[in-house]
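Asker:
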Amino acid sequence: MLPSKVVRHKAGRLVPVLLAGLILAACSGQGPQQTSNVNIQGPATGRSDYYLQQVQQSSDDSKTDWQLLAIRALLKEGKYPQAANQLNQLPQQLSDVQQQELLLLRAQMQVGQQNYSGAQQQLAQVKTGDLSQDQQVRYYALQIAAAQNRPSLPLLRAYIAQEPLLKGADHQSNIDATWQALTQMTQDQINSLVINADENTLQGWLDLLNTWRANSQDPQMLKAAIQDWQTRYPQNPGAKTLPTQLSQVQNFTKASTNTIALLLPLNGQAQVFANAIQKGFNDARNGVLNAPAPQAAPAPAAVDASAQPPADANSVVSPAVAGNTPPQTEQPQPAAQPAAAQGNSNAQVKVYDTSSQPIAQVMQQAQQDGATLVVGPLLKNDVETVANSNTPLNVLALNEPEQIQNHPNICYFALSPEDEARDAAHHIYEQGKRQPLLLVPRSSYGDRISKAFAQEWQTLGGSTVLQQRFGGVGELKQGINSGAGIALSGTPLNVEPAQSQSVAIAGLTIPAPQTSTPAPAADASSASVDAVYIVASQDELQLIKPMIAMRTSSRNNTALYASSRSAQAGAGPDFRLEMDGLQFSDIPLLSGSNPGLMQQAAKSFNNDYSLVRLYAMGIDAWTLANHFNQMRQVPGFAIDGNTGKLNADTDCVINRKLAWNQYRQGQIVPVQ
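Residue 580 in my numbering sits at position 587 of the sequence shown, and the numbers go up by one each step.
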């Protein structure tokens, strides 16, 4: 986050953005208007070539001041080698004022080179009482950048100290950044904070966080609670200027669900998927989910484990291959049950067939029929058409376009392998792993998984991801018969960020610095790999795990993770023992969150769990439709759904946090 006005197209690695935030004045091709006095404590309004020219023309004591201004301008322009050269040419003897400026410049250089500990060492030597207001703004911005935007007490204190120094858009950006840092902190982090008795501003912010967390699921209660907080903390900067996310809550209105248009392909190859979604949607609407049901889990049926996911971009893709079924297990119930699918049961729902006419005509017809909310379409190309249509209707799309477009009336809800890969990246990163290896199929499906995982890993701040491909059961059997095994090594996976970043300050847009892409090199050794994410069928996984054991020491503690693609029917106690220690993900409905509903769904779809996943998607689509504006407008609003814990990002893409389980001594237990 920036202490100045920031436009960020997509959440990504934030340090380049923070670094750009140090630029607090617009660029100018000309020098400062006043050149008689060299003021190194004020804004640097000139370009580096101007200051360098002044260095050449000066022979008195002002030469060093011009050098310091030139270094500052070079850093602002991203010319780090030239800035380093000028730093090396500075004289040894500096005045106290020059010494403080030099410390700031060295810290900025270290941040630009991603040497954050070095930057903090420079900043620790700064005497803040000797800095001008302009320098103080830069000092706290560098403190924030050196913290790498990781929520912590020092980061919060830096934002709070910087706030009174800012005005206008920069001040609002500081308020928003403070709030984001707070909301990113876990409850354990909050509980462990030890603050001073005189830190009234920080105490007020923490109270606002508690207020938000206690009321975020009810917009009306949240609105009243925020107003009460403003009354109790009238001098808090956040009370005078609410964070942008919370100010949106003040204008919250519930979306109308009186007439819902459900857009699905009722003919063709996608019909079977549409039928499953429609059944889930209707069952949720009609209250079937709340009916009592026996608690016994269904007996798994035999399925075709060789089924492959569709390659067509318009295909409906569940997180796992068709027919996947979780193994039979005595799994304990999670502490939290998925929320009941509540909503306007009196809503009129009209289903439109998107396979019979162009989607534009379907949308027009739905609008003419008085629809207030559209759920669908399902196919990717139809979603892209709707996103480009500027429709006035609220739309809960059941897929995502290739390029997400932020519209105030559109949310995107999809089940996809990419979605599961991103969740896996979060889960593995949160477990403290930093050197992951991907084992994925040698196919376009594997390409999609690898790209999504690596991009999300990069967003989280992780280093380069390694990948290794395999060709299927036949190839794996040849490998195990020859004693080849699978080494924990791979080729570096270099991906571009999901979207470029840019920063706008005082109307000037500055591109984010380009990060260097490491060249593909020889496979990294197994010594550096601490996690393996395996995307494989059950048959493939039964070969892959022992092949890994063939090439690794028994003392190797590398953690193994698998996608839901490996959770298929017929996994008996022998399989569970073979997989001991391995963690795998799946939707909550197939992880024991509601055994009664799971039994009903399994019976309805003949134990085809690819369709059960889409059935769960239909249930959650109904719930999301009835909380459409909450998802769009209320920060932190979340639903414990049947496909995962659901929340929306700033583009209203619905993210799903999946359930993670682990094979342990022949049983399956939730990962704590």
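By construction, the Cβ of each residue, glycine as well, lies at the ideal position given by its N, Cα and C atoms.
Since residue 237 is in the alpha helix (DSSP H), which residue starts that stretch and which ends it?
Answerer: Here the question's residue 237 lines up with position 244 in the sequence shown. Start and end: 237 to 242.
Asker: Pick from 51, 88, 99: whose alpha carbon is nearest that of residue 73?
Answerer: Counting from one through the sequence shown, the residue named residue 73 turns up at place 80. That would be 99, whose Cα lies nearest to the Cα of residue 73.
Asker: Measuring alpha carbon to alpha carbon, tell me which residue in 240, 616, 575 is nearest residue 555.
Answerer: One-based indexing of the sequence shown puts residue 555 at position 562. Nearest option by C-alpha distance: 575.
Asker: Starting from residue 446, trace the beta strand (DSSP E) in both directions and tell me its first and last residue.
Answerer: Position 453 of the sequence shown, counted from the first residue, corresponds to residue 446. Here residue 446 belongs to no beta strand (DSSP E); instead the alpha helix (DSSP H) covers 437 to 452.
Asker: Should residue 690 go down as buried or exposed, given a rule of 16 or more other Cβ atoms within 10 Å for buried?
Answerer: Residue 690 lies beyond the residue range present for the chain, which begins at -6 and ends at 665; the question has no answer from this structure.
Asker: Comparing alpha-carbon positions, which option in 173, 201, 228 lies nearest residue 215?
Answerer: Position 222 of the sequence shown, counted from the first residue, corresponds to residue 215. Checking every option, the nearest Cα to that of residue 215 belongs to 201.
Asker: Determine the DSSP secondary structure at residue 257, reduced to helix, strand or coil.
Answerer: Residue numbering aside, residue 257 sits at position 264 when the sequence shown is read from its first letter. DSSP places residue 257 in strand when its eight states are reduced to three.
Asker: Comparing C-alpha positions only, which one of 123, 130, 176 sits nearest to residue 144?
Answerer: Within the sequence shown, numbered from 1, the residue matching residue 144 stands at position 151. For the residues 123, 130, 176, the minimum Cα distance to residue 144 belongs to 176.
Asker: Starting from the N-terminal side, write out each stretch of the alpha helix (DSSP H) that is 4 residues or longer and does not extend beyond the stretch 523 to 566.
Answerer: Listed in chain order, they are 531 to 544.
Asker: Name the DSSP beta bridge partners of residue 667, please?
Answerer: There is no way to answer for residue 667, as the model of the chain reaches only from -6 to 665.
Asker: Tell whether a beta-carbon distance below 7 Å holds between residue 523 and residue 428.
Answerer: Counting from one through the sequence shown, the residue named residue 523 turns up at place 530. Counting from one through the sequence shown, the residue named residue 428 turns up at place 435. Going by C-beta atoms, residue 523 is nearer than 7 Å to residue 428.
Asker: Given that a residue counts as buried once 16 or more other Cβ atoms are within 10 Å of its Cβ, and exposed if not, what is residue 464?
Answerer: Start at 1 with the first residue of the sequence shown, and residue 464 comes out as number 471. Counting Cβ neighbours within 10 Å, residue 464 comes out exposed, since fewer than 16 surround it.
Asker: Pull up the distance between the alpha-carbon of residue 343 and that of residue 173, whole angstroms please.
Answerer: By 1-based counting over the sequence shown, the position of residue 343 is 350. By 1-based counting over the sequence shown, the position of residue 173 is 180. Roughly 40 Å separates the two Cα atoms.
Asker: Run through DSSP, which three-state label would residue 460 get?
Answerer: Taking the first residue of the sequence shown as 1, we reach residue 460 at position 467. Looking at residue 460 - three-state DSSP - the assignment turns out to be strand.
Asker: From the DSSP output, read off the bridge partner residues of residue 648.
Answerer: Numbered from 1 along the sequence shown, position 655 holds the residue referred to as residue 648. Per DSSP, 640.
Asker: Out of 631, 651, 139, 615, which one is the CA nearest neighbour of residue 280?
Answerer: As a first step, residue 280 must be located in the sequence shown, where it is residue number 287. Here the closest residue by C-alpha is 615.
Asker: Are the beta-carbon atoms belonging to residue 432 and residue 443 less than 7 Å from one another?
Answerer: The residue you call residue 432 lines up with position 439 of the sequence shown. The residue you call residue 443 lines up with position 450 of the sequence shown. Cβ distance not < 7 Å, so residue 432 and residue 443 don't count as in contact.
Asker: Look at the Cβ atom of residue 116, then the Cβ atom of residue 135, and state whether they are nearer than 7 Å.
Answerer: Along the sequence shown, read from residue 1 onward, the residue named residue 116 stands at position 123. Along the sequence shown, read from residue 1 onward, the residue named residue 135 stands at position 142. Closer than 7 Å, so yes.
Asker: Using the Cβ count rule (16 or more neighbours within 10 Å means buried), how would you classify residue 188?
Answerer: Counting from 1 along the sequence shown, the entry for residue 188 is found at position 195. Under this definition residue 188 is an exposed residue.
Asker: To which residues does DSSP link residue 343 through a beta bridge?
Answerer: Taking the sequence shown and counting its residues from 1, the one referred to as residue 343 is at position 350. In the DSSP output, where bridge partners are listed per residue, residue 343 has 254.
Asker: Which one or two residues does DSSP pair with residue 403 in a beta bridge?
Answerer: The residue labelled residue 403 in the question sits at position 410 within the sequence shown. For residue 403, which the question treats as bridged, DSSP gives the partners 388.
Asker: Which same chain residues, not among the five before or five after residue 154, have their C-beta less than 6 Å away from its C-beta?
Answerer: Position 161 of the sequence shown, counting from 1, holds the residue named residue 154. Hits under 6 Å: 133.
Asker: Any chance you could list the beta strand (DSSP E) runs of at least 3 consecutive residues sitting entirely within the stretch 575 to 629, in chain order?
Answerer: Qualifying beta strand (DSSP E) stretches, in chain order: 576 to 579.
Asker: Leaving out five residues before and five after residue 539 in sequence, what residues of the same chain have Cβ atoms less than 6 Å from its Cβ?
Answerer: Locating residue 539 in the sequence shown gives position 546, counting from the first residue. Within the same chain, residue 539 has no close Cβ partners at all.
Asker: Compare the C-alpha of residue 390 against each of 466, 277, 255 and name the closest.
Answerer: Looking up residue 390 in the sequence shown gives position 397. Considering only alpha carbons, the answer is 255.
Asker: Along the chain, which unbroken stretches of the alpha helix (DSSP H) at least 4 residues long are found entirely within the stretch 49 to 94?
Answerer: Correct list: 55 to 69, 73 to 81.
Asker: Any idea if residue 273 is buried or exposed, counting beta-carbon neighbours within 10 angstroms, 16 or more meaning buried?
Answerer: Looking up residue 273 in the sequence shown gives position 280. When all chains shown are included, residue 273 counts as buried.
Asker: If the criterion is Cβ atoms closer than 7 Å, does the pair residue 35 and residue 127 meet it?
Answerer: As a first step, residue 35 is located in the sequence shown; it is residue number 42 there, counting from the start. As a first step, residue 127 is located in the sequence shown; it is residue number 134 there, counting from the start. Their beta carbons are under 7 Å apart, which means residue 35 touches residue 127 by this criterion.
Asker: Quick check: the stretch 408 to 419 against the stretch 368 to 388, are there 3 or more CB pairs under 8 Å?
Answerer: No contact exists between the stretch 408 to 419 and the stretch 368 to 388.
Asker: Here's a check: name, in chain order, each residue in its chain whose Cβ is nearer than 6 Å to the Cβ of residue 628, leaving out the five neighbours to either side.
Answerer: Here residue 628 refers to the residue found at position 635 of the sequence shown. Only 238 meet the Cβ criterion.
Asker: Find out if the Cβ-Cβ distance for the pair residue 68, residue 75 is shorter than 7 Å.
Answerer: Locating residue 68 in the sequence shown gives position 75, counting from the first residue. Locating residue 75 in the sequence shown gives position 82, counting from the first residue. No.
Asker: Quick one: Cα of residue 559 to Cα of residue 270, how far?
Answerer: The residue labelled residue 559 in the question sits at position 566 within the sequence shown. The residue labelled residue 270 in the question sits at position 277 within the sequence shown. The alpha-carbon atoms of residue 559 and residue 270 are separated by roughly 23 Å.
Asker: Identify the continuous alpha helix (DSSP H) that holds residue 175 and give its terminal residues.
Answerer: As a working mapping, residue 175 is identified with position 182 in the sequence shown. Here the alpha helix (DSSP H) through residue 175 covers 161 to 176.
Asker: For residue 80 and residue 245, I'd like the C-alpha separation in whole angstroms.
Answerer: Position 87 of the sequence shown, counted from the first residue, corresponds to residue 80. Position 252 of the sequence shown, counted from the first residue, corresponds to residue 245. Those two C-alpha atoms are separated by around 53 Å.
Asker: Any idea what DSSP makes of residue 633, helix, strand or coil?
Answerer: Working through the sequence shown from its first residue, we reach residue 633 at position 640. It is a strand residue.
Asker: Measuring straight from C-alpha to C-alpha, what distance separates residue 150 and residue 454?
Answerer: Position 157 of the sequence shown holds residue 150. Position 461 of the sequence shown holds residue 454. Using only the alpha carbons, I get a separation of about 23 Å.
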